[in-house]
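Protein chains in written order, with the working numbering: chain Y, 2 to 287; chain V, 88 to 222.
For glycine and all other residues, C-beta sits at the position ideal for the given N, C-alpha and C.
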Amino acid sequence: MTPLEQLLLVVVASFLAGLAGSYLGVGGGIFLVPFLALGIRVDLPVAVATSLIGVIATSSGAASVYVRDRLVNLRLGMFLEIATTLGAIVGASLAVLVDPRYLFLLFAAVVLYTAAYMALTRESAKDRAYRPGRESPLAERFGLSSIYFDHEDQGVYRYRVGRPGAGFAASGVAGALSGLLGIGGGFVQVPAMNVIMGVPMKPAVATSNFVIGVTAAASAFIYYARGLVNPSLAAMVIVGVFAGTHVGTRLLLRGRAQRIRFVFVVLLAAIAALMGLRAFDMAVVP
Amino acid sequence: MIGPRTALLAVQRRLAALRRAALAEVEDTNRLVYHVLRGGIVVSVAFVVFAFLLSVAGAGPLPEAPVNVRSLDDELARLTPAAFLSLGVLVLVFTPMVRVVASLLSFAEERERAYVLVTGLVFANLLVGLALGLA
Numbered sequence: 002m003t004p005l006e007q008l009l010l011v012v013v014a015s016f017l018a019g020l021a022g023s024y025l026g027v028g029g030g031i032f033l034v035p036f037l038a039l040g041i042r043v044d045l046p047v048a049v050a051t052s053l054i055g056v057i058a059t060s061s062g063a064a065s066v067y068v069r070d071r072l073v074n075l076r077l078g079m080f081l082e083i084a085t086t087l088g089a090i091v092g093a094s095l096a097v098l099v100d101p102r103y104l105f106l107l108f109a110a111v112v113l114y115t116a117a118y119m120a121l122t123r124e125s126a127k128d129r130a131y132r133p134g135r136e137s138p139l140a141e142r143f144g145l146s147s148i149y150f151d152h153e154d155q156g157v158y159r160y161r162v163g164r165p166g167a168g169f170a171a172s173g174v175a176g177a178l179s180g181l182l183g184i185g186g187g188f189v190q191v192p193a194m195n196v197i198m199g200v201p202m203k204p205a206v207a208t209s210n211f212v213i214g215v216t217a218a219a220s221a222f223i224y225y226a227r228g229l230v231n232p233s234l235a236a237m238v239i240v241g242v243f244a245g246t247h248v249g250t251r252l253l254l255r256g257r258a259q260r261i262r263f264v265f266v267v268l269l270a271a272i273a274a275l276m277g278l279r280a281f282d283m284a285v286v287p
Numbered sequence: 088m089i090g091p092r093t094a095l096l097a098v099q100r101r102l103a104a105l106r107r108a109a110l111a112e113v114e115d116t117n118r119l120v121y122h123v124l125r126g127g128i129v130v131s132v133a134f135v136v137f138a139f140l141l142s143v144a145g146a147g148p149l150p151e152a153p154v155n156v157r158s159l160d161d162e163l164a165r166l167t168p169a170a171f172l173s174l175g176v177l178v179l180v181f182t183p184m185v186r187v188v189a190s191l192l193s194f195a196e197e198r199e200r201a202y203v204l205v206t207g208l209v210f211a212n213l214l215v216g217l218a219l220g221l222a
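What follows is the structure, encoded as structure tokens:
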């Protein structure tokens with residue numbers, strides 16, 4: 002493969018990562034790291050650093066569209082960013098101290114449980130509707146509950162954010178994972194909002210896209226300063242990802258929440274399987 | 088004398104005005120965030136494209152490693168593709184940080200203490216990350 006062909010391949014792969022990342026709220030790092038490391042045999046630290054750039058690009062590209070269309074819950078996002086950035090710093094600092102094998106096993110279990118839960122529950126218009134009763138004091142204090150317009154059924158939904166404390170803790174875990182593995186942590190962030198906090202799928206995906214940019218930026222600068230970012234690869238990733246988010250955001254806005262959840266569950270199951278294999282030293286993915 | 092009907096109307100008008108103001112506020116922060124993110128994308132891609140044009144024009148090869156932040160201005164002055172590619176990447180990396188600062192200022196202007204605190208904490212965390220990177 003000539004260098005030019007390789008760069009073109011990176012653009013195509015980044016396009017797909019940006020598309021899937023903006024559609025699922027996961028940033029695309031979990032697709033880019035394996036592609037760069039295994040597909041075109043870039044050194045793992047360089048692959049992680051370059052993929053972090055891709056995560057930020059997905060976040061900026063997707064979040065700008067979702068913010069414009071009022072799908073992002075800005076307050077909830079900023080509230081959770083405290084936890085994710087803190088987690089990212091702690092994760093990056095602890096990366097050398099913990100045996101990653103136990104981490105992988107633990108997360109495989111958690112991710113598998115989440116996938117099963119999301120597969121077994123449905124999200125109908127009725128579930129999205131406003132639930133009566135008292136709001137939690139923390140959610141009320143920070144004005145976390147919000148409103149969004151769903152293209153699927155042309156409905157405006159007011160939703161309540163429940164269990165902000167638990168969601169905050171889960172976001173801290175997402176941030177720590179991000180710091181440890183060089184990903185955005187969206188695959189924890191989306192279920193944290195959708196399953197724990199009761200945020201409907203579309204705002205959850207949009208808000209996750211909004212948050213992961215800041216989470217990734219916290220560690221991206223560290224990688225850049227260490228000289229691990231390959232600017233030529235990163236440039237291809239940026240261009241490809243932006244084009245991908247252009248398509249992915251459109252798919253989400255018009256898509257059906259149930260289908261997005263289904264694709265997300267498939268992704269979670271795949272991640273759980275890979276992490277489980279990794280825990281038993283059968284590394285398929287770095 | 089003000090009758091109950093007029094009083095009720097006045098209260099309703101006041102509430103409607105408040106609601107509009109609250110909506111306008113949300114609108115402002117939304118718009119600000121949108122422009123910061125879009126701006127970051129446009130500037131970043133512009134630098135990247137410029138770097139490619141420079142490289143095609145024979146100003147130098149495409150780099151493997153990033154240009155050190157300390158020597159960036161020097162390289163930029165010499166119009167090397169490596170410098171402009173690195174600048175494009177740096178603009179992208181700093182976009183989320185600028186977004187946090189912009190929303191911090193926006194919340195300060197609206198005197199929303201709780202969210203000044205929230206965005207302030209996020210910014211502080213980012214600065215710690217940056218400091219760890221430089222250390």
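Do residue 156 (chain Y) and residue 61 (chain Y) have their CB atoms nearer than 8 Å?
no
Consult DSSP for residue 249 (chain Y) and reduce its assignment to one of helix, strand or coil.
helix
Is the stretch 57 to 77 of chain Y touching the stretch 198 to 213 of chain Y in the sense that three or more CB pairs, one from each, lie closer than 8 Å?
yes
How would you call residue 148 (chain Y), buried or exposed, if buried means at least 16 neighbouring beta carbons within 10 angstroms?
exposed
Neighbourhood of residue 6 (chain Y) by C-beta distance below 6 Å, restricted to the same chain and skipping five residues each side:
Once the five neighbours on either side are set aside, residue 6 (chain Y) has no close Cβ partner at all.
Whole angstroms are fine: how far does the CA of residue 190 (chain Y) sit from the CA of residue 166 (chain Y)?
14 Å
How about residue 31 (chain Y) and residue 188 (chain Y): do their beta carbons lie closer than 8 Å?
yes
Nearest to residue 141 (chain Y) by alpha carbon, out of Y:150, Y:158, Y:240 and Y:163?
Y:163
Short CB-CB distance (under 8 Å) between residue 157 (chain V) and chain Y:
no
Return the chain-ordered ranges of every beta strand (DSSP E) run that is complete within the stretch 3 to 50 of chain Y and spans a minimum of 3 residues.
none
Please list the partners that residue 233 (chain V) has in chain Y, where partner means a Cβ-to-Cβ separation under 7 Å.
Residue 233 (chain V) cannot be examined here, being either before or after the span of chain V that is shown, 88 to 222.
Sequence-distant residues of the same chain with beta carbon closer than 6 Å to residue 241 (chain Y), five excluded per side
Closer than 6 Å at Cβ, skipping near neighbours: 12, 15 and 16.
Between the stretch 255 to 270 of chain Y and the stretch 107 to 125 of chain Y, do three or more beta carbon pairs fall short of 8 Å?
yes
For residue 259 (chain Y), which residues in the same chain have their Cβ closer than 7 Å to its Cβ, ignoring the five residues on either side in sequence?
Correct list, in chain order: 123 and 124.
Span separating the alpha-carbon of residue 105 (chain Y) from that of residue 231 (chain Y):
28 Å
Just checking: is the beta-carbon of residue 95 (chain V) within a distance shorter than 8 Å of some beta-carbon in chain Y?
no
Straight-line CA distance for residue 197 (chain V) to residue 139 (chain V)?
43 Å
What residues from chain V crowd round residue 82 (chain Y), counting only those whose CB sits closer than 7 Å?
209
Beta carbon of residue 135 (chain V), beta carbon of residue 175 (chain V): below 8 Å?
yes
Measure from the alpha carbon of residue 88 (chain Y) to the alpha carbon of each residue in Y:67, Y:52 and Y:170, then state which is nearest.
From the listed residues Y:67, Y:52 and Y:170, the smallest Cα separation to residue 88 (chain Y) is found for Y:170.
Would you check if there are 3 or more beta carbon pairs closer than 8 Å linking the stretch 114 to 128 of chain V to the stretch 220 to 236 of chain Y?
no
List, in chain order, every chain V residue whose beta-carbon is nearer than 7 Å to that of residue 10 (chain Y).
Those within 7 Å of residue 10 (chain Y) in chain V number zero; the least Cβ separation is about 15 Å.
Does any C-beta atom of chain Y lie closer than 8 Å to the C-beta of residue 165 (chain V)?
no
Quick one: what does DSSP say residue 276 (chain Y) is sitting in, helix, strand or coil?
Helix at residue 276 (chain Y).
Which residue wins for smallest C-alpha separation from residue 207 (chain V), given the options V:118, V:148, V:188 and V:217?
V:188
Quick check: residue 59 (chain Y) and residue 19 (chain Y), are their CB atoms within less than 8 Å of each other?
yes
Per DSSP, what kind of secondary structure is residue 157 (chain Y) in: helix, strand or coil?
strand
Please state if the CB of residue 68 (chain Y) and the CB of residue 212 (chain V) are separated by a distance shorter than 8 Å.
no
Compare the beta carbon distance of residue 33 (chain Y) and residue 264 (chain Y) with 8 Å and say whether it is the shorter of the two.
no
Near residue 24 (chain Y), what residues of its chain come up, given a Cβ to Cβ distance below 6 Å and the 5 sequence neighbours on each side ignored?
249, 252 and 253
Proximal chain Y residues relative to residue 125 (chain V), where beta-carbon distance stays under 7 Å
Per Cβ cutoff of 7 Å: 65.
Taking Cβ to Cβ, would you say residue 85 (chain Y) is nearer than 8 Å to residue 21 (chain Y)?
No.
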